[in-house]
Amino acid sequence: MLGEYAVWVLSSYGAALVLIGGLVAQSVIRSARVRRELDRLEGRK
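Letter by letter, the sequence shown follows residues 590 to 634 of the working numbering.
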């Protein structure tokens with residue numbers, strides 16, 4: 590159906606999606622952490 594390279598292509602797409610998802614998750618988590626720290630520091634002014 591997808592040809593002889595289907596396994597390689599689909600696994601590459603899967604790996605790319607996992608990596609991109611991990612980067613997005615890391616960015617969201619880091620953003621929340623930095624926002625909390627900034628709020629804490631601004632509260633001291």
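Here a beta-carbon is modelled for each residue, glycine too, at the ideal position from N, C-alpha and C.
Rounded separation between residue i and residue j - CA only
i: ARG622; j: SER616; result: 10 Å
i: GLU631; j: ALA605; result: 38 Å
i: TYR602; j: VAL596; result: 10 Å
i: ARG625; j: ILE609; result: 24 Å
i: ALA614; j: TYR594; result: 30 Å
Sequence-distant residues of the same chain with beta carbon closer than 6 Å to residue i, five excluded per side
i: VAL607; result: none
i: SER590; result: Note on identity: in this sequence residue 590 is Met, with Ser being the wrong assignment. Around MET590: no qualifying Cβ.
Same chain, Cβ closer than 8 Å to residue i, neighbours up to 5 away in sequence not counted
i: LEU612; result: none
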